[in-house]
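Top to bottom, those sequences are chains A and B.
The opening position of the first sequence corresponds to residue 30 in our numbering, with each subsequent residue numbered one higher.
The opening position of the second sequence corresponds to residue 288 in our numbering, with each subsequent residue numbered one higher.
From the three backbone atoms N, C-alpha and C, an ideal C-beta is built for every residue, glycine too.
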Amino acid sequence: MSSEELLLGLQEIFRDVLDQEDLVLTPQSNAENVPDWDSLAHVNLVTAIEKKYKVKFALGELQDLKNVGDMIELLQSKLAAK
Amino acid sequence: MRHPDGIDLSSLPLDDVLAKRKGLRRKLSARLNLQPLRIAVLGGSTTNEVVDLLELWLLDAGFAPIFHQSEYGRYHVDAVHDSEALVEFKPDLIYVHTSVINIQRFAPVGCSESEFNEHVKTEFNRFEEIWTSIEVKIGCLVIQNNFEFPPYAILGNLDATISGGHTRFVNALNNEFSLAAAARPKLLLQDICSISARIGLNHWFDRERWFSYKIVTSAEGSNAIATSLAAIVRGVYGKTRKVLVLDLDNTVWGGVIGDDGIDKIQIGQETAVAEAYTAFQEYCLSLRNRGILLAVCSKNDEEIARQGFEHPDSILKLEHISCFKANWDPKHENIAAIARELNLGTDSFVFVDDNPAERAIVEGQVQGIAVPNVGSDVARYAEIIEAGRYFEQISFSREDIERAALYQENSERAIFETKFADYGEYLDSLQMTAEIERFRPIYLERITQLTNKTNQFNLTTRRYTLAEIEAVLTDSDSLGIYGKLSDRFGDNGLISVVLGHRTENVLDIDLWLMSCRVLKRDMEIAMLDALVDHARAMGITTVRGHYIPTKKNGMVLDHFTKLGFASVGESEDGAAIYSLEITGYSPRNTHIKVMELVHEQ
Numbered sequence: 030m031s032s033e034e035l036l037l038g039l040q041e042i043f044r045d046v047l048d049q050e051d052l053v054l055t056p057q058s059n060a061e062n063v064p065d066w067d068s069l070a071h072v073n074l075v076t077a078i079e080k081k082y083k084v085k086f087a088l089g090e091l092q093d094l095k096n097v098g099d100m101i102e103l104l105q106s107k108l109a110a111k
Numbered sequence: 288m289r290h291p292d293g294i295d296l297s298s299l300p301l302d303d304v305l306a307k308r309k310g311l312r313r314k315l316s317a318r319l320n321l322q323p324l325r326i327a328v329l330g331g332s333t334t335n336e337v338v339d340l341l342e343l344w345l346l347d348a349g350f351a352p353i354f355h356q357s358e359y360g361r362y363h364v365d366a367v368h369d370s371e372a373l374v375e376f377k378p379d380l381i382y383v384h385t386s387v388i389n390i391q392r393f394a395p396v397g398c399s400e401s402e403f404n405e406h407v408k409t410e411f412n413r414f415e416e417i418w419t420s421i422e423v424k425i426g427c428l429v430i431q432n433n434f435e436f437p438p439y440a441i442l443g444n445l446d447a448t449i450s451g452g453h454t455r456f457v458n459a460l461n462n463e464f465s466l467a468a469a470a471r472p473k474l475l476l477q478d479i480c481s482i483s484a485r486i487g488l489n490h491w492f493d494r495e496r497w498f499s500y501k502i503v504t505s506a507e508g509s510n511a512i513a514t515s516l517a518a519i520v521r522g523v524y525g526k527t528r529k530v531l532v533l534d535l536d537n538t539v540w541g542g543v544i545g546d547d548g549i550d551k552i553q554i555g556q557e558t559a560v561a562e563a564y565t566a567f568q569e570y571c572l573s574l575r576n577r578g579i580l581l582a583v584c585s586k587n588d589e590e591i592a593r594q595g596f597e598h599p600d601s602i603l604k605l606e607h608i609s610c611f612k613a614n615w616d617p618k619h620e621n622i623a624a625i626a627r628e629l630n631l632g633t634d635s636f637v638f639v640d641d642n643p644a645e646r647a648i649v650e651g652q653v654q655g656i657a658v659p660n661v662g663s664d665v666a667r668y669a670e671i672i673e674a675g676r677y678f679e680q681i682s683f684s685r686e687d688i689e690r691a692a693l694y695q696e697n698s699e700r701a702i703f704e705t706k707f708a709d710y711g712e713y714l715d716s717l718q719m720t721a722e723i724e725r726f727r728p729i730y731l732e733r734i735t736q737l738t739n740k741t742n743q744f745n746l747t748t749r750r751y752t753l754a755e756i757e758a759v760l761t762d763s764d765s766l767g768i769y770g771k772l773s774d775r776f777g778d779n780g781l782i783s784v785v786l787g788h789r790t791e792n793v794l795d796i797d798l799w800l801m802s803c804r805v806l807k808r809d810m811e812i813a814m815l816d817a818l819v820d821h822a823r824a825m826g827i828t829t830v831r832g833h834y835i836p837t838k839k840n841g842m843v844l845d846h847f848t849k850l851g852f853a854s855v856g857e858s859e860d861g862a863a864i865y866s867l868e869i870t871g872y873s874p875r876n877t878h879i880k881v882m883e884l885v886h887e888q
């Protein structure tokens, strides 16, 4: 799956979970620059991503991610390994 | 009926409910007439996900919940020691959510049986402290879950056997919890041990979430907890469903009886399909045996439809069906007729039909009815109905078990009624006898139960505790009378309560209620006769009636006027007040024979 497709897919998840239908996600988006992306929302986002792409993040896999771009890279490697 | 906002939570895939919960909450909160409810959640783990989902399911059930959550892991401290915030929140109910991870000390491997019992007791006491503290400080209902089995069984199969086994420990502790819930009226048990088993422990626990966020369960687990809790809350507030309305062809038997004939329908043990229909009929019968009414709504020739129940292998017999409608009228019209005959609202109905078109029209036309998407595979009907948790009750009385029989009699009465032109003649033909007396100790529990669950024929909707009703017995200024009614079709049991208090020579009626089973039977007139009788014996000259309107008691708006009371204005709290001089009152009941009890001196 291309980075662009994944970005769009993630954008849809973020719009649903954060209830912001006009939210535009970029690879640089992170918890600082996306409104309401707090620790509770973070759990919901991770759960939704796992369900949508049928992956499971291992313990520690998420802690070094700096932004949405990093998440896309991680997703690509996990999907490729499936 | 589907809500005008188009949201049908139970038909959404769980992934959508989870991901879109914020938007769903916004939309569901906009619904009108939601009942406010304050719930405190004391958690042994992070409870936000359970609370988010519970909020959705409660909104969907017509509540507007407000939550208070303890900090993670502070369930004991917040209830027992630092309880100011909890008390201040004024919860209507408290959910203590703990999991096997919160068990502090299991019995050590190699301990003796008596040490094992001591360890179970110690753990149990910690929870008992919570319940007692809440009872003393707040007095509200507590929902406590029991424990799921541990994520792994260290001792393998021995884990369930020897004193150091965690599985055995959980079994023993859960047993103590069950006994406590049976003994404490304000403690309700949520059976997470079964709920987790239904999902499967490997899908229930999510270890990554535990280590990362201190959430014990997977999202599926959290949702199962939330839906079961919402069902308990519906049960607490009387929003439990009472009637299962069944289609016939390809729902309770295989095939179309009108085309195939009684010999060809699939029921019995001959084929796999026939066995599955038999199993579904057994499920329906077991619901009936616990007090859920069964009704039939089928497009069929009535005579032919009835034959299906005479099939020798049919588990369901005609006597199990409280109301039978088989004709060619639209199903939603028949369901309205069933509601009238049973005297119950369609919001207490669940409709089961294999035909999606019939399901759609019923769901679209009938107010409040639940129409689970049972599909057309009979093997799964029961499982799908069960998943809706429509019939959850918080306690059981003999009444509940006998209810189906009572309504059966009622339905016979309704058919009987149509044979009489003159209503008085009909009432006389019922050969009604009543027992109307001052409160007696053996009935106090039933009286209390009625004050808490009667909503329609209830003039003030005041709720009483058992202690308050008990106090009436010894208070010389209180007058409480109950009424029991039977007729040629059977005994209706204790169905009416009137309770007043005297100030000098005036009696104020604080409560007047009656079960809707005996509407339009002149029972209220017989009750008034008895009330006046007892009031005069206390030297009372004036009886004052109070009516406090609610959303549900519109049917008694004219109650006091119909009984000849004069309207005398309104009290400060908006209640309408009526008055009746009783010095010259003469008895008015003519259709009910009132039995004299032999009084013990």
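In the DSSP assignment, the beta strand (DSSP E) including residue i goes from what residue to what residue?
{"i": "residue 779 (chain B)", "result": "777-790"}
{"i": "residue 13 (chain A)", "result": "Absent from the structure is residue 13 (chain A), since the part of chain A shown begins at 30 and ends at 111."}
{"i": "residue 612 (chain B)", "result": "608-614"}
{"i": "residue 431 (chain B)", "result": "428-432"}
{"i": "residue 598 (chain B)", "result": "From DSSP, residue 598 (chain B) is part of no beta strand (DSSP E); its letter is neither H nor E."}
{"i": "residue 588 (chain B)", "result": "Run containing residue 588 (chain B): none; DSSP gives neither H nor E here."}
{"i": "residue 540 (chain B)", "result": "Premise fails: residue 540 (chain B) is in no beta strand (DSSP E) and is neither H nor E."}
{"i": "residue 556 (chain B)", "result": "Counting along the chain, residue 556 (chain B) falls outside any beta strand (DSSP E), and DSSP gives it neither H nor E."}
{"i": "residue 295 (chain B)", "result": "No beta strand (DSSP E) holds residue 295 (chain B); DSSP gives it neither H nor E."}
{"i": "residue 327 (chain B)", "result": "322-330"}
{"i": "residue 56 (chain A)", "result": "Careful: residue 56 (chain A) lies outside any beta strand (DSSP E) and carries neither H nor E."}
{"i": "residue 356 (chain B)", "result": "350-356"}
Which chain A residues are close to residue i, counting only those with a beta carbon under 9 Å from its beta carbon?
{"i": "residue 621 (chain B)", "result": "The contacting residues do not exist; residue 621 (chain B) stays about 41 Å from chain A at best."}
For a contact defined as C-beta to C-beta under 7 Å, what are the partners of residue i on chain A?
{"i": "residue 498 (chain B)", "result": "88"}
{"i": "residue 335 (chain B)", "result": "69"}
{"i": "residue 613 (chain B)", "result": "Neighbours of residue 613 (chain B) on chain A: none; closest Cβ ~45 Å, over 7 Å."}
With a threshold of 6 Å (Cβ to nearest heavy atom), would residue i be considered close to the ligand SAH?
{"i": "residue 467 (chain B)", "result": "Of the ligands one can find in the structure shown there are none, so the ligand SAH has no counterpart to examine."}
What residue range does the alpha helix (DSSP H) around residue i cover?
{"i": "residue 847 (chain B)", "result": "846-849"}
{"i": "residue 638 (chain B)", "result": "No alpha helix (DSSP H) holds residue 638 (chain B); the beta strand (DSSP E) holding it covers 636-639."}
{"i": "residue 76 (chain A)", "result": "68-82"}
{"i": "residue 820 (chain B)", "result": "810-824"}
{"i": "residue 511 (chain B)", "result": "506-523"}
{"i": "residue 623 (chain B)", "result": "618-629"}
{"i": "residue 45 (chain A)", "result": "32-47"}
{"i": "residue 831 (chain B)", "result": "That residue, residue 831 (chain B), is in no alpha helix (DSSP H); its beta strand (DSSP E) goes 829-834."}
{"i": "residue 306 (chain B)", "result": "301-306"}
Am I right that residue i and residue j are in contact with their C-beta atoms under 8 Å? What's the rounded C-beta distance?
{"i": "residue 866 (chain B)", "j": "residue 831 (chain B)", "result": "5 Å"}
{"i": "residue 383 (chain B)", "j": "residue 435 (chain B)", "result": "Actually they do not touch by this definition, with Cβ atoms about 15 Å apart."}
{"i": "residue 381 (chain B)", "j": "residue 423 (chain B)", "result": "With a Cβ gap of about 13 Å, residue 381 (chain B) and residue 423 (chain B) do not count as contacting."}
{"i": "residue 517 (chain B)", "j": "residue 345 (chain B)", "result": "5 Å"}
{"i": "residue 641 (chain B)", "j": "residue 661 (chain B)", "result": "7 Å"}
{"i": "residue 332 (chain B)", "j": "residue 503 (chain B)", "result": "5 Å"}
{"i": "residue 766 (chain B)", "j": "residue 794 (chain B)", "result": "6 Å"}
{"i": "residue 725 (chain B)", "j": "residue 768 (chain B)", "result": "6 Å"}
{"i": "residue 470 (chain B)", "j": "residue 415 (chain B)", "result": "With a Cβ gap of about 11 Å, residue 470 (chain B) and residue 415 (chain B) do not count as contacting."}
Taking C-beta pairs closer than 9 Å, name the residues in chain B that residue i reaches, listed in chain order.
{"i": "residue 42 (chain A)", "result": "306"}
{"i": "residue 72 (chain A)", "result": "333, 335, 336, 496, 499, 500, 502"}
Run through chain A and tell me which residues come within less than 8 Å of residue i, C-beta to C-beta.
{"i": "residue 302 (chain B)", "result": "77, 80, 81"}
{"i": "residue 293 (chain B)", "result": "Within 8 Å Cβ-Cβ: nothing; residue 293 (chain B) doesn't reach chain A, min ~17 Å."}
So with CB distances below 7 Å, who are the chain B contacts of residue i?
{"i": "residue 46 (chain A)", "result": "306, 309"}
Suppose only complete runs of 3+ residues qualify. What are the beta strand (DSSP E) ranges in the region 364-426 of chain B, listed by chain order? As for any beta strand (DSSP E) of minimum length 3 sitting wholly inside the region 364-426 of chain B, the runs are 380-384, ordered along the chain.
Within the region 700-754 of chain B, note down every full alpha helix (DSSP H) run reaching 4 residues or more, in order along the chain. Runs found: 710-716, 731-740.
Taking Cβ-Cβ distances below 7 Å as the criterion, which residues of the region 48-70 of chain A are in contact with chain B? Among the residues of the region 48-70 of chain A, those with a Cβ less than 7 Å away from any Cβ of chain B are 48, 69, in the order of the chain.
Taking a Cβ distance cut-off of 7 Å, strictly less, list which residues of the region 309-329 of chain B are near chain A, in chain order. Contact residues of the region 309-329 of chain B toward chain A are 309, 310, 313 (C-beta to C-beta distance below 7 Å).
Closer than 7 Å, Cβ to any Cβ of chain A: which residues of the region 506-528 of chain B, in chain order? Under the 7 Å Cβ criterion, the region 506-528 of chain B contributes 506.
Run through the region 425-495 of chain B for me and flag every whole alpha helix (DSSP H) of 4 or more residues, listed as ranges in chain order. Fully enclosed alpha helix (DSSP H) runs of 4 or longer: 453-470, 479-486, 488-491.
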